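Every number in the numbering used here is 14 more than the matching position in the sequence shown, counting from 1.
No residue lacks a Cβ here, since even glycine has one placed at the ideal position from N, Cα and C.
Just so it is clear, the structure is predicted and the values come from calculations on it, not from any experiment.
Working notes, structure below.
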Amino acid sequence: MDKQDHTHEHAHDHHHEGCAHESAHAARALEALAAAEAHCATEGLKLTPIRRAVLEALYSTNRPMSAYETIDALAATTGKREAPVTIYRAFDFLLAAGLAHKLESRNAYIACPFHHMSNEPVMFLICESCGGVDETTSESLARALTGLVQAQGFSPRAQVIEIQGLCAHCRTTSE
Ligand SMILES: [Zn+2]
Ligand SMILES: [Zn+2]
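Following this line, the structure appears as structure tokens:
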């Protein structure tokens, strides 16, 4: 998947206990991880074991993960508790490499399968029921945001819009 691909199918399956989509989700996570490895190889970026492990943890869920949740997830598979500074360094790498985004409102991170650069405009649809987050963007949104930001003479570090509400899955199950 290259970053021109803005069709933005669900990046992550909505993950529910005992859901039949779980194996499909795991397969997609592996695929995304392979794509991330290829992206790093092309860009000359070094996906070290710890960076890869953190990315794998992010791909395992469609919910944003805090540093401490990531430490717990890694400890569950390796038995080793990483220091927060190690995890934050890995997050910094993933953000710079276009492999993850930060949700400022929750101080949490989510994998980006679209390899967006850190200053590219993206929108997150955050479900207040299941906690799932979907990512979307469009050329017109990007143009409009860039125009507004430039008109203010502002230099953006990140252009992330967070929309809170109910995802399509939770909307249908609550009806
Ligand atoms: Zn993204
Ligand atoms: Zn939901």
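Query raised in the report: CB-CB under 7 Å to residue 104, same chain, minus the five flanking residues each way: which ones, in chain order?
Result: The sequence position of residue 104 within the sequence shown is 90, counting from 1. Within the same chain, 64, 65 and 68 come within 7 Å of residue 104 by CB-CB distance, once the 5 residues on both sides are set aside.
Report task. Kindly list the residues whose CB is nearer than 7 Å to the CB of residue 126, restricted to its own chain and excluding five residues on each side of it in sequence; keep chain order. Result -> The sequence position of residue 126 within the sequence shown is 112, counting from 1. Once the five neighbours on either side are set aside, the close Cβ partners of residue 126 are 112, 113, 114, 115 and 149.
Query - Cβ distance (whole Å) where residue 143 is taken to contact residue 180 below 8 Å - result: Within the sequence shown, residue 143 is the residue found at index 129, counting from 1. Within the sequence shown, residue 180 is the residue found at index 166, counting from 1. With 8 Å as the limit, residue 143 and residue 180 qualify as a contact, their Cβ atoms being about 6 Å apart.
Query raised in the report: Cα separation between residue 133 and residue 94?
Result: Here residue 133 refers to the residue found at position 119 of the sequence shown. Here residue 94 refers to the residue found at position 80 of the sequence shown. Those two C-alpha atoms are separated by around 33 Å.
Report task. Return yes when at least one heavy atom of ligand 1 lies under 7 Å from the C-beta of residue 126, else no. Result -> Counting from one through the sequence shown, the residue named residue 126 turns up at place 112. Under cutoff, so the answer is yes.
Query - As assigned by DSSP and simplified to three states, the class of residue 59 - result: Within the sequence shown, the letter at position 45 stands for residue 59. Residue 59: coil per DSSP, three-state reduction.
Query raised in the report: Looking at the unbroken beta strand (DSSP E) that takes in residue 78, where does it start and where does it end?
Result: The sequence position of residue 78 within the sequence shown is 64, counting from 1. From DSSP, residue 78 is part of no beta strand (DSSP E); its letter is neither H nor E.
Query raised in the report: Between residue 147 and residue 139, which are expected to be in contact by the criterion C-beta below 8 Å, what is the C-beta distance as a whole number of angstroms?
Result: On the sequence shown, residue 147 is found 133 positions in, with the first residue counted as 1. On the sequence shown, residue 139 is found 125 positions in, with the first residue counted as 1. The Cβ separation is near 7 Å, so the contact holds.
Requested in this report: For residue 85, count neighbouring C-beta atoms within 10 Å of its own C-beta (all shown protein chains included) and say buried if the count is 16 or more, exposed if not.
Outcome: Here residue 85 refers to the residue found at position 71 of the sequence shown. Residue environment for residue 85: buried (at least 16 other C-beta atoms within 10 angstroms of its C-beta).
Requested in this report: Please say whether residue 135 and residue 159 have beta carbons closer to each other than 8 Å?
Outcome: In the sequence shown, the residue the question calls residue 159 occupies position 145. In the sequence shown, the residue the question calls residue 135 occupies position 121. By the CB criterion at 8 Å, residue 159 and residue 135 fall inside the cutoff.
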